[in-house]
Amino acid sequence: MADINAIAKQFTDFYYQQFDSDRSGLAPLYVCPPCILLTAIRHLELTLRLGAQSIQREHSMLTFESQQIQGSAAIVEKLVGLPFSTVQHRVSTMDAQPAATDKASMIVLVTGQLITGDEANALSFSQTFHLIPEGSGYYVWLQRHLPVRRLPSLALPFRSFA
């Protein structure tokens, strides 16, 4: 079995670099990896024979906060349409674990800080990815994004029982 931590690191490095520079470049993560590697002519032949829907991952799903988005085109449209023009992710933690015994699929949990536009304050975030192997790569089957909102601190009185 491949080193899942190395694969997860490679994935997260690519994902956040691409997200921060050009979100439309994330589309390959939600489509059939072998189709990405085909030449333009072969890709066109396959599209004509199988139809465009066959080479996209229509079962891939993104849950963004509480909104569920299904299908590769809808996911990329959501990510590209987010209301900020500049963004920077700072990954704090990245944990990976196997997700099944019969495949090399994995769950990747990422936490960090997100800075958008000219905002001085960073927003904490948590993202979970379920990656499925196919061919020589992986695609995103399920993805969940949650902002981590800070709760107000509760000052509780300390009571000594001595």
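Position one of the sequence shown corresponds to residue 1 (UniProt numbering), numbered consecutively onward. We treat Cβ as the ideally placed atom computed from N, Cα and C, and that holds for glycine. Here the structure is a predicted model, which means the values were calculated and not measured.
Residue 115 versus residue 99 - alpha carbon distance
31 Å
Excluding the five sequence neighbours on either side, which residues of its own chain have a C-beta within less than 6 Å of the C-beta of residue 117, listed in chain order?
84, 86
Same chain, Cβ closer than 6 Å to residue 155, neighbours up to 5 away in sequence not counted
The predicted model places residue 155 with a pLDDT of 48, which falls under 50 and marks its position as unreliable; any figure quoted below should be read in that light. There are no such residues.
Tell me whether residue 120 is buried or exposed, calling it buried when 16 or more other Cβ atoms sit within 10 Å of its Cβ.
exposed
How would you label residue 89, buried or exposed, when you count the other beta carbons within 10 angstroms and need 16 or more for buried?
buried
Quick one: using the 10 Å Cβ neighbour count with 16 as the cut-off for buried, is residue 130 buried or exposed?
buried
Would you decide whether residue 92 is buried or exposed? Buried here means 16 or more other CB atoms lie within 10 Å of its CB.
exposed
DSSP on residue 147, reduced to helix/strand/coil?
strand
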